[in-house]
Structure formats: C-alpha cells, structure tokens
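So for the sequence shown, the UniProt record's numbering puts the first residue at 1; every next one is plus one. Using N, Cα and C, we set each Cβ at its ideal position, and we do this for glycine too.
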Amino acid sequence: MPDEPGKGSKPDQKNKRKSSEMASTQNKRPRTWAPPSIVSIPTSKAFPNDEVNVARFVKAREVEIRALEEGIRSAKKSQMRRAFQDVPRDMRRRTASHNPRRVPQRLRSRMGKELKDDNTPITRGKSGSGVGKGATAWLRKEGIKKAKAKAKAKKKKKKDDDEVVVTKVDAKTEGMDVDVEIEKEKKDLGPKEALLKSLQTRKPKIKRSTILATPPKPPAQFRKRQLHKSWLPTHLFHTKRAHMTPPMEPLWRFALPLTPTEKSYRPTHRASTLRGAVAWDMSYIATIGLEGVEKSISGLLKAIGIGADHDGELWKDRGFGESWRAGLRCWEGFVFEREGWPLKPIAPVVVIWDSAGKSDLEATNPASKVSKTPLKRRVFIRIHPAGFLQLWHEVIRLAKVQKPYLSVEDLRFEMASIEISGPGATETLHTALWPTPASDGDEHSPNSPQAIWKILVSCINPGSLPKNVLLAFNISDPRLHHPPRPREAAEPAAPLALLTQVMSAWPVDKTLTQPAIFDRNARLAAQRCLPSQQSINRRKGAAKPGQYPEPRSTDPQIPVLLYPSRISGSWTVFLPWKCVMPVWTAIMYHPLSTGGTPRFGGLKQIRQIAFENSRPWYPGDYPGTAAGWDWELQERAVREKEWSKRPKGKRVAWESVDLGNDRKGEIGRGWACDWERLLAGPPSEHDKDETGLPESEASKPTKPVSPSFQHLSSPIVSELLSSSPPCSLRDITTSPALFTAGIKLLTRGVPVPCARIYRLPTNNAELRTKWLSLVPTSSVLSKSKNKANRPPQALLNDIPLHLHRRALAAGLLEPVIINKETPQPEDKDYPVVPDESDLIGFVTTGNFNLREGRGTAVANLIADRVLTANARDTSSNSKVQERFTCIVREAGQGFGRLARWEVV
Numbered sequence: 001m002p003d004e005p006g007k008g009s010k011p012d013q014k015n016k017r018k019s020s021e022m023a024s025t026q027n028k029r030p031r032t033w034a035p036p037s038i039v040s041i042p043t044s045k046a047f048p049n050d051e052v053n054v055a056r057f058v059k060a061r062e063v064e065i066r067a068l069e070e071g072i073r074s075a076k077k078s079q080m081r082r083a084f085q086d087v088p089r090d091m092r093r094r095t096a097s098h099n100p101r102r103v104p105q106r107l108r109s110r111m112g113k114e115l116k117d118d119n120t121p122i123t124r125g126k127s128g129s130g131v132g133k134g135a136t137a138w139l140r141k142e143g144i145k146k147a148k149a150k151a152k153a154k155k156k157k158k159k160d161d162d163e164v165v166v167t168k169v170d171a172k173t174e175g176m177d178v179d180v181e182i183e184k185e186k187k188d189l190g191p192k193e194a195l196l197k198s199l200q201t202r203k204p205k206i207k208r209s210t211i212l213a214t215p216p217k218p219p220a221q222f223r224k225r226q227l228h229k230s231w232l233p234t235h236l237f238h239t240k241r242a243h244m245t246p247p248m249e250p251l252w253r254f255a256l257p258l259t260p261t262e263k264s265y266r267p268t269h270r271a272s273t274l275r276g277a278v279a280w281d282m283s284y285i286a287t288i289g290l291e292g293v294e295k296s297i298s299g300l301l302k303a304i305g306i307g308a309d310h311d312g313e314l315w316k317d318r319g320f321g322e323s324w325r326a327g328l329r330c331w332e333g334f335v336f337e338r339e340g341w342p343l344k345p346i347a348p349v350v351v352i353w354d355s356a357g358k359s360d361l362e363a364t365n366p367a368s369k370v371s372k373t374p375l376k377r378r379v380f381i382r383i384h385p386a387g388f389l390q391l392w393h394e395v396i397r398l399a400k401v402q403k404p405y406l407s408v409e410d411l412r413f414e415m416a417s418i419e420i421s422g423p424g425a426t427e428t429l430h431t432a433l434w435p436t437p438a439s440d441g442d443e444h445s446p447n448s449p450q451a452i453w454k455i456l457v458s459c460i461n462p463g464s465l466p467k468n469v470l471l472a473f474n475i476s477d478p479r480l481h482h483p484p485r486p487r488e489a490a491e492p493a494a495p496l497a498l499l500t501q502v503m504s505a506w507p508v509d510k511t512l513t514q515p516a517i518f519d520r521n522a523r524l525a526a527q528r529c530l531p532s533q534q535s536i537n538r539r540k541g542a543a544k545p546g547q548y549p550e551p552r553s554t555d556p557q558i559p560v561l562l563y564p565s566r567i568s569g570s571w572t573v574f575l576p577w578k579c580v581m582p583v584w585t586a587i588m589y590h591p592l593s594t595g596g597t598p599r600f601g602g603l604k605q606i607r608q609i610a611f612e613n614s615r616p617w618y619p620g621d622y623p624g625t626a627a628g629w630d631w632e633l634q635e636r637a638v639r640e641k642e643w644s645k646r647p648k649g650k651r652v653a654w655e656s657v658d659l660g661n662d663r664k665g666e667i668g669r670g671w672a673c674d675w676e677r678l679l680a681g682p683p684s685e686h687d688k689d690e691t692g693l694p695e696s697e698a699s700k701p702t703k704p705v706s707p708s709f710q711h712l713s714s715p716i717v718s719e720l721l722s723s724s725p726p727c728s729l730r731d732i733t734t735s736p737a738l739f740t741a742g743i744k745l746l747t748r749g750v751p752v753p754c755a756r757i758y759r760l761p762t763n764n765a766e767l768r769t770k771w772l773s774l775v776p777t778s779s780v781l782s783k784s785k786n787k788a789n790r791p792p793q794a795l796l797n798d799i800p801l802h803l804h805r806r807a808l809a810a811g812l813l814e815p816v817i818i819n820k821e822t823p824q825p826e827d828k829d830y831p832v833v834p835d836e837s838d839l840i841g842f843v844t845t846g847n848f849n850l851r852e853g854r855g856t857a858v859a860n861l862i863a864d865r866v867l868t869a870n871a872r873d874t875s876s877n878s879k880v881q882e883r884f885t886c887i888v889r890e891a892g893q894g895f896g897r898l899a900r901w902e903v904v
C-alpha cells in the first residue's frame, strides 16, 4: 500500500537533516583533539628485581608528569583560546573574530589556519577608506571611481605640460652655445614675462594680518571628511581607539575624542593619582600671537583685564610680574572684555612672553652704546576654542588703537600642544623629548634647560616645581629613539638630593635664552625637515644592534616649550603642529617604570580630573560667560531629547513631583539648570498651562534668549564674604551675578547635574532648626565608634584566657547595631525642602568623587541671595558653619540632603 504524502515525507526530512548535520560536523574543526601520546616508563625499569629504588621511581614519574603537563598546556593553547583572544583587550576589535587582517601580524598565520579549519569565509571589510556601508555604498563606490578617473586625467595633463620640446638644430648653430628650448620659451612668453622670469626675486616677507587661519589642506583621500571640521594631528590614532564626536556634530569645529572605547573611569583616576600617566592631544586649544613694542603689548594685556585682580602687582618690576615679563614664567587666569573686569569674563588663558636675551637687554639699556631702536617682543596667548572668537575680536579692536602699531596673528593650525598628568608624566616626557646635542659637540652647561631637564626625571608631581616655570629647548626627532626604553634604575638618594637643590634654586632663571618656538622660520624649518618613516627605518637598520642612530647635522631641530601647572598638576608641551605625531607616538609607547604604558584621554577624562580636584571646567561650569551659556543650551537640548523619547510611564513626570507642604511640581524645567526661572521667580497662576508648566516653557521656544546675568570672579566673592561689615552686591553691580562654588555632601547621596541648591530656610525657624539638627558632628561620630568598638560588659580581668577569647570572638561575629538617631529621607519626620525663595543655584557637574570618597559637585550660585543670607547670619551671630551650609535636591525628587559649599 503506497504511503500517504504527508506521512511519507517525514522520514526523508529527518534523514536529510541528519545528513546535513553530519556534513556540518565533519566540516567544523573538532572542539577537542585527542592528546598526544604521553611518554611513560614501564614499571619493570622502575622496580628492577622487585626492589624499591626511590631514585629511579622519582625519575620515572618525573618524566611522565612533565609530559602530562606539557600536553595539557599545548591542548589548552591550541583549543581553549583562539588567535584573536590572545590579543590584549585594548587592541581587540569587534570584527577580529573572523578577519585575520584585524589581528597583529604575529597571529595572522595561526588565525588563518583556524578559519580554514572552521570553513569560515574571509571577506574584506567595507569600512574605512573602502566602499562604505548600508544603502549608500554604491554612491561612495561611484564617487571613488570618479575621483580616481579625475586624478588620472589631471596627472596625464600635467605630464603632457611638463614634456620638453626638442627641436632640430641646424648645422650653422650646432657649434654655438645656445639653448634652443630656453630661447623658444622666451619667445612664447613675450619680452615682459621673459624679463620678469630672468630677474632673481627675494623671498617674500611674511605679513601679519588679522585674517583667521585656515586649516592645512588634508590629503585627497581624507579631504571630503574635513569639509565642516578639522582633524587633530593624532586623529588617526584616536579614531581607532576612542569614541569620537559625531561626523555631522563637531565640537568647536574639530573632530575630538570624547572617551576611550575601553572602560576608563577608574583607570584614569588611578593613572592620574597613584601610578601611571594620562595624556591628551590639546592641539584644538587656540593660540594668538602678538608682536610689537613691550609698551603696546602691556597696554593691550591690561585692557583685557590681565593683572587687574592683583592690584597691579603683576605689572611692577619685582617678584612674579618681573619674571613673567622677562619670559621666565607663564601666567594663568581669566581675560575680560574691554573695561569689563570683574563681571564680564571671556575665558581662562595662558600668557607667555618670549625671553629677552642679553643682547636684547643691552639694546634697550640707555647706558649702552647700541642703537636705541625699540625692541620688539612676542607674546603667545593660549585660549579655549569656545572663547577664541570673542577674545579675537577684542584683541583686534584693541590692537588698532595701540601706539606704536601692534601686529596680531592667528596661530591655531601652526602651534599645537600635548598635556600629560600623573606620577609618571615627567618620566614619560623625559623619554620622548631628547634635547639636541650642543653645536660644538660638548655637553650643555649645568644651568642650561637641557641639563635641568635631565635632572627632573625623578619629579613625580609637576606642581611641586616653582610656580609656572618655563623650559625651552630643541629636541631631535623622537622616531630615532623608538621604541622607547624603560628608565634605568639609579640610586634614589643622589637624584632626589640634586632635584631638591634644583627646585629650590632653579638656575634656569640665570640663563636668558630666547625660545626658538617664537621664531616662525624655526618652526617651519622643523616641520619641513622631518624625514620620512622609510628614511628613519633605514638609519635604524644601519645602526649597531642595541644602539640608536648617530645624529646628523641635517636632522630637524624641533623647538618645544614646557611648563608645569599647579592648577591642574600637569605638564604642557608646546610644539609645532606637524611635529605632534612623532612625540605623541613616543609618549604612548613608553614603558613606565611602574608597569604598563601611559593612557590617553578624551574630553570626558579632562572633565573627570577637573571634577576630582574640585576645579571648575570651562565652559561647562561657567554659565555666566557667553561660551558657558551656549554649552548649557546644548546640554539642555540633549537632556530634553533623552527625556522626551522615553514612554510616559518610564520618565519623570515633572508636574507630579511632591515637594512637601502641599507643593506639587518641579521648579522650572527638570532637564535644565533653569536660570531664567531662578531670576524671574515663580510664575503666576494664569501664566500656567494644563501641564503645570509656564506657557513660555510649554511652548518650547526654538532659540532661548540669554539671561541678563554675569559671572563674578572668585577673588571678588571671597573678599565680599570675608569683609567685616557685610557687603552687598549692589556695591559692585546692579545686575544679577553668578559665582562658582564647590559642593560636598555631609551625608550619603550623590549630587547630579541640574540638582537644585537651597540655602537654609529663612522664613521658617522651625524648619531651619530641623535641618541644622541633621548636621553630623564629631561627638556623634565618636559616640558611634565607641559604641561599635566597646568590649562586652561581661569581660572582666579575672576570667580565664579561653573564656576571654571566646567572648572576644563572639563579639567580633555579632553584628553591630547602631540606633538611627537622625531621621532618613524615607522617614516621616525628615524635614522638607525650603521654598523657592530660598533657591540659590544649580549643580553643573556632580558625581561620586573617587578622590574624596563621597559625593561632590561643582555648582553656580546667585551672589545676591548668598550675600544677603550671609549678612543676616552675621547680624544674628550664627555659627560660621551655618553660613556655608546648603541643601541639595536632585531634580525629580522630593527630598534634599545637607551639604557644605565653598568658593572655588
């Protein structure tokens, strides 16, 4: 009887499935291999004549055990781990498991064999400079074809134009010394053009202009990717190892690294504080060059507020001001708009004068017989790109009114910098920066910057050096000394003693040499003389084994300028733009004496280290400046987008936040530091819509108007707070002003950005008392510690030792129960937050501080309300601690936590 169609097909399908499974199993590489035959010795040899010979027995078993261990190791190495798993974690790629080109060269043959055994197809990726991905792949492929065809036609045309025309020479002119081609060319050019070509013209003079600098022309293969932004010199290094800014959303017209792809929050903290180093490519920091008479430069710098907060001490002929203008120190601080000190800051800057040598000083000395021509000085101003344009317009405006004339130059894409911090920063730079040998072949003088730089290798903390000192010298190409070698261990006593002597005396101040980095010709010569990598490899190959190539007179001399910062505790290396990559490579691959190599950081790591040091970061922590306000608007848009894309059931309902005492709704927009609401006050009832938000907030204006508040410098705020008769902000300005403060929580909790900050209640004495009762005191902490460490009452001195130990063990194992004397946020008697009239500011940066071991934050406070509360507390003879106590409440939560603030 024939089988039914439905029933007859099932066995065939099962057999087909089994055959396919067997075929796939045969094609796959077996997961486990049979171990090789292990060498063993027969027992007859170990026990001859049935006698126990210990030596022979141990020897026989030793061979077998070693063979077994070797078999286990070989099996584990060949089967348990694949080739891409032997790559260090920071070098792994997402596609490394199936692409042998993604692993180091030493593992490619092994990985190719593994893929062949697994029958895995090897395909070339479509990322990078290839065809592209997604639906636009064919567009990019067609564009590449057109670009190649266009380049080929252009190259052919250029070749045709460069061909030499050979003409036949007659017998009459055969003996004459006449160049037929040149004569023909002159006839084609005409008399005027031929005369101009025959004249020898001098090298054109470099003219300083007020035109903004243009980025260097990138290679053809990368040109389309830099239409609306510029790449850093180390872009190709970072783009393989870090998360970059989105292609269509550059930051300050640069493609910047945001954070490394691997986990880096705690490693960055350890590398910057405990051991190691963290480096950043800070080439996006803008540089403005000034050149002119010292009087004109000083007038311009005074006009932008430099030295205004030091009562003119910076411009006197003594102390730090004299060393700064002599080019021995650099100055760090804020610059202001013209006649805008102290309420209209622009950005923090670093100002560096060039050193005036002895010949220059003699030229300006009236007693000398040298010409009395005014000496021209040069000054570099380094500023964050967020405030560059604002300062640039101010400098251009002020340079036009200076007499004598002052030239201004934009050096953004000509000067670059690298910043490195951590205990191993000096050691790393010492290996990367090799001073060039002296011109006469002898060693440098003991007081020269080159000799002092070799002594500083033992310096762990750059902030321990004299304040803002400068070191300027020329270095050789770091690629000649690659790969870097670890620092040799030396006697610790002699270098530390010499280092202490150098730090106390600092003999570099006695050697007045003008840094070559201020000379444009020296910078250009260093960039043009950089040899190719092939030339470097040939010289290294020709050198003796274990030795570096011999220096040549044609080697480039790269001018560098180094200065340590006490504010950030880091080194900054100032060097030409195109010389960054060789130095960066030497830094990244330096083997530290403590183990490992230096880490690189992005923008988030800069903010993290500034936050851990309780230092505000520009522009994010300065909303009173123009750049800080733009940053706040960008962050608002990002946070609002994150909030709005969540479903209504999984996002915070701002209108339903319970603040206690029948108060409902968040103050202002919960996703923003709502300074407009803080300055304007609560809206009236008829101004609110159905959701409880003001109409202006519900309508979501496309372009928020900048509020009319300003930023007050920290020295001014400290002076106002410490004045014996309480001062008011109206003595300085009538407009609202902000100042930056550091927040430290007194209890548990972590402050986050946009958190609301209140002062202690001013209109409710009972609520104020409740909040003050939560302040932890030393007596409470000691009481809890004594209660936890107090021995049991039953322990007496006359009991036996074994009972004493038993009771001690029981006391250690028994959990300590501490009564909660202070209420917690979930308790009913926990105090509610103050009213909106006591709101004084917002948190701009907050998180758990690994350095402090608790939650800290950087915030901005309204100066008027803080000074008013300070005057009230002073008149009522309140404690000093109460004046700096505040309440921090996270946006979207109904309870607050006690904290203490201080001016930073």
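Tell me whether residue i sits in a helix, a strand or coil according to DSSP, three-state version.
| i | result |
| --- | --- |
| Ile297 | helix |
| Met282 | coil |
| Gly649 | helix |
| Lys828 | coil |
| Trp901 | strand |
| Trp231 | strand |
| His384 | coil |
| Asp410 | strand |
| Thr585 | helix |
| Ser417 | strand |
| Arg485 | coil |
| His269 | helix |
| Lys664 | strand |
Using a Cβ-Cβ distance under 8 angstroms, would residue i count as near chain D?
| i | result |
| --- | --- |
| Asn860 | Absent from the structure is chain D; it holds one protein chain and no more. |
Can you name, in chain order, every residue of its own chain whose Cβ lies under 6 angstroms from the Cβ of residue i, other than the five neighbours on each side?
| i | result |
| --- | --- |
| Ser264 | none |
| His384 | Ala347, Tyr618 |
| Glu294 | Arg377 |
| Glu51 | none |
| Pro834 | Tyr758, Pro761 |
Count the other C-beta atoms from every protein chain shown that fall within 10 angstroms of the C-beta of residue i, then say buried if there are 16 or more, exposed otherwise.
| i | result |
| --- | --- |
| Phe848 | exposed |
| Gln85 | exposed |
| Gly441 | exposed |
| Val58 | exposed |
| Phe473 | buried |
| Gly742 | buried |
| Ile297 | buried |
Within a Cβ cutoff of 7 angstroms, which residues of the same chain sit near residue i, ignoring the five residues on either side of it in sequence?
| i | result |
| --- | --- |
| Leu720 | Cys727, Leu867 |
| Gly894 | Val657, Asp658, Leu659, Gly660 |
| Arg677 | Ile667, Gly668 |
| Ser593 | Glu427, Pro486, Arg487 |
| Lys229 | Pro250, Arg253, Phe254, Ala255 |
| residue 920 | What is shown of the chain runs 1 to 904, which leaves residue 920 out entirely. |
Just to confirm my understanding: we take residue i, look at its own chain, exclude 5 residues before and 5 after, and list those with CB closer than 8 angstroms. What are they?
| i | result |
| --- | --- |
| residue 917 | The shown model of the chain, from 1 to 904, leaves out residue 917, and the question about it has no answer. |
| Leu499 | Ile455, Leu456, Ser458, Cys459 |
What are the boundary residues of the beta strand (DSSP E) that includes residue i?
| i | result |
| --- | --- |
| Asn847 | 839 to 849 |
| Asp658 | 658 to 660 |
| Arg275 | Element bounds for Arg275: n/a, residue is neither H nor E. |
Ends of the alpha helix (DSSP H) at residue i?
| i | result |
| --- | --- |
| Ala425 | 425 to 432 |
| Pro449 | 449 to 455 |
For the ligand HEM, any of its heavy atoms closer than 7 angstroms to the Cβ of residue i?
| i | result |
| --- | --- |
| Asp442 | The ligand HEM is absent from the structure shown, which contains no ligands of any kind. |
Practice prompt. Flag this pair as touching only if the stretch 598 to 616 and the stretch 434 to 449 have three or more C-beta atom pairs under 8 angstroms; answer yes or no.
Written response: The stretch 598 to 616 vs the stretch 434 to 449: no contact.
Practice prompt. Inspect the CB distances between the stretch 301 to 311 and the stretch 546 to 563 and report whether three or more fall short of 8 angstroms.
Written response: Of all C-beta pairs linking the stretch 301 to 311 to the stretch 546 to 563, fewer than three are shorter than 8 angstroms, placing the two stretches out of contact.
Fill in: Meets three-Cβ-pair contact criterion under 8 angstroms: the stretch 330 to 344 and the stretch 269 to 284
At 8 angstroms Cβ cutoff, the stretches do not touch.
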